[in-house]
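Read the structure below first, then the notes.
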Amino acid sequence: MRPPRCAALWLWAGILFSHPLFGQADCPPLTELRTAFLGHGTLQQALDSRVLAERHLEGRTGPCATVIEAHRWVSHARSADFEWNPATKLSRLNTGLDSLDALVALHPDLDILKALRLTITGTAPRFLGVN
Numbered sequence: 005m006r007p008p009r010c011a012a013l014w015l016w017a018g019i020l021f022s023h024p025l026f027g028q029a030d031c032p033p034l035t036e037l038r039t040a041f042l043g044h045g046t047l048q049q050a051l052d053s054r055v056l057a058e059r060h061l062e063g064r065t066g067p068c069a070t071v072i073e074a075h076r077w078v079s080h081a082r083s084a085d086f087e088w089n090p091a092t093k094l095s096r097l098n099t100g101l102d103s104l105d106a107l108v109a110l111h112p113d114l115d116i117l118k119a120l121r122l123t124i125t126g127t128a129p130r131f132l133g134v135n
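One point on numbering: in this note's numbering, the residue at position 110 of the sequence shown is 114, and numbering is uninterrupted.
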């Protein structure tokens with residue numbers, strides 16, 4: 005039951021993140037960051053995506069910087085999927101989600117931040133209790 009929902013969520017996220025209403029035209033690095041995010045398949049790819057976001061974040065301000073920072077934390081939380089140590093998994097997930105929650109609290113008008121958070125919480129195991 006879970007795999008079809010995950011596939012639907014990833015499809016929805018890909019369509020949502022490529023939509024021009026979410027500032028992709030106003031923030032050129034988003035195309036590269038979103039492609040890197042959707043390509044997470046190993047721990048190294050997730051970490052590389054986070055470094056890419058940090059590199060694009062330098063010197064940026066405004067909503068573009070906020071969305072780039074959100075991609076940074078989504079990549080950090082997503083890297084938990086590829087860790088083998090349960091304590092490290094939980095730590096990475098919680099750090100990423102806490103940072104995303106702080107961004108959502110600071111910018112409640114940016115729905116893309118909520119959608120990015122959903123890509124993590126929608127695929128997290130239920131026993132972790134993340135919503």
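Don't be surprised by glycine CBs; every beta carbon is placed ideally from N, CA and C.
Should the stretch 56-69 be regarded as contacting the stretch 83-92, the criterion being three or more beta carbon pairs within less than 8 Å? no
What is the DSSP secondary structure of proline 33, counted as helix, strand or coil? helix
Per-residue burial, proline 90 [other beta carbons within 10 Å of its own, 16 or more giving buried]: exposed
DSSP-derived helix/strand/coil call for leucine 120: helix
Continuous alpha helix (DSSP H) stretch holding tryptophan 4: start and end: Absent from the model: residue 4. The displayed extent of the chain is 5 to 135, so no value can be given.
First through last residue of the alpha helix (DSSP H) which encompasses arginine 130: First-last for arginine 130: undefined, no H or E at that position.
Any idea what DSSP makes of threonine 46, helix, strand or coil? coil
Roughly how many whole angstroms lie between the Cα atoms of serine 53 and arginine 130? Distance between the alpha carbons of serine 53 and arginine 130 is about 26 Å.
Within its chain, find whatever has a CB closer than 7 Å to the CB of leucine 51; leave out the 5 residues flanking it on each side and keep chain order. Ser83
Are there 16 or more other CB atoms within 10 angstroms of the CB of glutamate 73, so buried, or fewer, so exposed? Buried: at least 16 other Cβ atoms inside 10 Å.
Can you tell me whether serine 79 is buried or exposed? The criterion is at least 16 other CB atoms within 10 Å of its CB, across all chains shown. buried
Count the other CB atoms within 10 Å of the CB of tryptophan 88; is the residue buried (16 or more) or exposed (fewer)? exposed
For leucine 97, I'd like the list of residues in its chain whose CB is within less than 6 Å of its CB, leaving aside the five on either flank, ordered along the chain. Beyond the five residues adjoining it in sequence on each side, leucine 97 comes within less than 6 Å, by CB distance, of Ala81, Ala84 in the same chain, given in chain order.
Hey, out of Pro33, Ser95, Val71, whose CA is closest to arginine 121's CA? Val71
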